[in-house]
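A.B. asks:
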Amino acid sequence: MKINNRLKTIGDLVPLSTYPLDIGCDHALLSIYLVKERGFSKAVASDNKSGPLKKALENVKFYKVSDKVKLVKAEGLNSYIEGIDTVTISGMGGLSINKILDDNRNYLKNINTLVLSPNNYSIAVKRKLIKLGYYIDNEVLVKENKIIYEILVFKKGRKYYSYKKLFLGPVLMTKKDSLTKEYYQSILNTKQALFKALPKSFRNKIRVTKKEIKYLEEILNS
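Numbering follows UniProt numbering, with no gaps: position 171 of the sequence shown is 171.
(1) Please state if the CB of V115 and the CB of I151 are separated by a distance shorter than 8 Å.
(2) Of the choices F167, N110 and I147, whose alpha-carbon is the least far from that of I136?
(3) When you compare the segment 68 to 75 with the segment 31 to 49, are there three or more beta-carbon pairs, one atom per stretch, that lie closer than 8 Å?
(4) Of all the beta strand (DSSP E) runs that stay within the bounds of the segment 142 to 168, which reach a length of 3 or more residues?
(5) Just to confirm before moving on: does the CB-CB distance between N5 and E144 stay below 8 Å?
(6) Which residues mark the beginning and the end of the alpha helix (DSSP H) in which I97 is found?
(7) So, with DSSP's three-state summary, where would you put T86?
(8) Provide the residue span of the alpha helix (DSSP H) that contains A43, from first to last.
(9) Quick check on DSSP: helix, strand or coil for S50?
(10) Between which two residues does the beta strand (DSSP E) harbouring S117 extend?
(11) Hey, how far is the Cα of K176 from the Cα of S162?
(12) Which word fits T180, buried or exposed, when buried means at least 16 other C-beta atoms lie within 10 angstroms of its C-beta?
(13) Which residues mark the beginning and the end of the alpha helix (DSSP H) in which D12 is found?
(14) Report buried or exposed for D67, applying the criterion of at least 16 other Cβ atoms within 10 angstroms of its Cβ.
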């Protein structure tokens, strides 16, 4: 089946023998990929809008997986079904992801793995998940339509991270491939432009941005 590289990478990071819930499923292609291509016995795809779910239903029927992919209209973790132990969320901002997790955090006691791909504010997502009792198990980059996306895998458990590790990514900073370097260079360019534009009265923001630029320059030159 045809699926974009970002969704395929997310799907490949979902642990086998788990029961996954995809929140904000759009057209349910991720859940369909999991049962059709990766051999999952069942998956749940949820969205809070009727339009995407209508298209999702068409896709589920087209790929003949109606017996394996359950569609749910609900907000965030309100779509939880007994037995679900893995959650995927992608294609939305980091602050929106954090709100979903905050609104129904009682369901998280049953969730062992989260595979998240925020469009922005990834450090806020990392901080939220760490606060909720998860650690960063993996970080993967994928390039789609000239945009580099982060995919973060969280597992239940606790680890301490310095600000430097959170900012650069504890797993990403161990990688030396060209995409990782391109990603860091892109962030460095943004931070340098921000640093030049910040008013002198923004002392704390200037201090933090200067520190982040230093981290990025160090890792790019290592």
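Where a beta carbon is used, it is the ideal one built from N, C-alpha and C, also for glycine.
C.D. replies: According to the structure shown:
(1) yes
(2) F167
(3) yes
(4) 147 to 156
(5) yes
(6) G94 to D103
(7) strand
(8) That residue, A43, is in no alpha helix (DSSP H); its beta strand (DSSP E) goes A43 to D47.
(9) helix
(10) T113 to S117
(11) 21 Å
(12) buried
(13) N5 to L13
(14) exposed
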